[in-house]
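This report refers to the structure that appears directly beneath it.
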Amino acid sequence: MRAVMLIAFLLYSSMGISQLEHPKASPLAVSKQHFGLSTITVTYSRPAVNGRKIFGNLVPYDRIWRVGANESTKFTCDSELEVLGSIVPAGTYALYAFPGEKVWEIVFHKNITHWGDGRDAYNSEEDLFRVTLPVEKLPELQENFLITFDKISHNDLQMLLEWEYSRVRIPIVTNTHDRMLRQIDSAISGNPTAQTYYEAARYLQEQQTDYETALQYLERAIVLGGDTYYFHRVKSLVQAARGDYGPAIASAQRSMKLAAAEGKDEFVRMNRANIEAWKKLQD
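Residue numbers (our numbering): 799 to 1081.
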């Protein structure tokens, strides 16, 4: 009996030892960015410089690099994107690079199962596409490899790869406008509320397009939802964009009166400034 208990104890102890979680030299990171109606998620590891020369040494030039450490870096997008004219369908891809001294070749790869630097298992026939991008020199040392995002708009952004003194910018585009128009058409053809019409009109106004339709939507919003300072505020902006400064001033005055009644001082100020500017344009 004692022998059985001893064996059980030793087995349990060995299991406990095997389950120890050691800290990672290149810790896992997730970089996530929403832009327009799209979301990008990048899962990668963050190796450190640790006093070493990285590019052209630890990471040789013109040889495949996993863009991080451990398993391949994963790039996931929830909608179709575009990189320098090449289409990235919604899905998950491995991200690789062939770093050079002045340019990097960036690879979006369909096989996401590789571990390690990819040299043994990588097959170029499984590439989704490749793009060549210039290398920028960082003014300061980036100790841990970093993937981040910059210059974010409704329609595009840049994904930045930074390590040591090197940075590469990957321009990524999403077709937000077409998707928004489809959403608007679907919402308007359903059971639209005053808010539906207002949000559709505000989007068109912000994009500086189809002011006639935007004005129609705002009229419907006012009929369904009554007088609100923000309905009339956007209506005034649409009318002014069409060059109809008289009606724009009237709408802004209505918005200003309603905003004042609700204590919305910022909207009072914005409407007053627009009225003064449009009166000058009207003269």
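We put the beta carbon where it would ideally sit given N, CA and C, even for glycine.
Please read these numbers as outputs of a predicted model, since none were measured by experiment.
Relative to VAL966, the option among MET1054, LEU1035, ASP1025 and GLN940 whose CA is nearest is GLN940. In this chain, the beta strand (DSSP E) harbouring VAL905 covers 901 to 907. The beta carbon of ALA1057 sits closer than 6 Å to those of TYR1027, PHE1065 and VAL1066, all from its chain and outside the five residues before and after it, given in chain order. Close CB contacts of VAL971 within its chain, under the 7 Å cut and outside five residues either way in sequence, are with LEU879, GLU880, ASN953 and ASP954 (chain order). ASN855 has its alpha-carbon roughly 14 Å from the corresponding atom of SER964. When PHE1029, GLY1024 and GLY1023 are compared, the shortest CA-CA separation from LEU1013 is found for PHE1029. In the DSSP assignment, ALA1071 falls within the unbroken alpha helix (DSSP H) covering 1063 to 1080. Inclusion of VAL847 and GLU962 in the CB contact set at 8 Å is warranted, their separation being smaller than that value.
According to the DSSP assignment, THR890 belongs to the beta strand (DSSP E) that extends over 889 to 897. Three or more Cβ pairs closer than 8 Å define a contact, and the segment 863 to 871 meets that threshold against the segment 905 to 919.
According to the DSSP assignment, ARG1018 belongs to the alpha helix (DSSP H) that extends over 1009 to 1023. The DSSP assignment places complete beta strand (DSSP E) segments of no fewer than 3 residues inside the segment 932 to 1002 at 934 to 948 and 954 to 972, in order along the chain. Under the DSSP definition of a beta bridge, GLU880 partners with ILE885 and VAL971. For ARG861, the closest C-alpha among the options GLY849, TYR894 and SER843 is that of TYR894. Between TYR1009 and ALA1039, the CB-CB gap stays under 8 Å.
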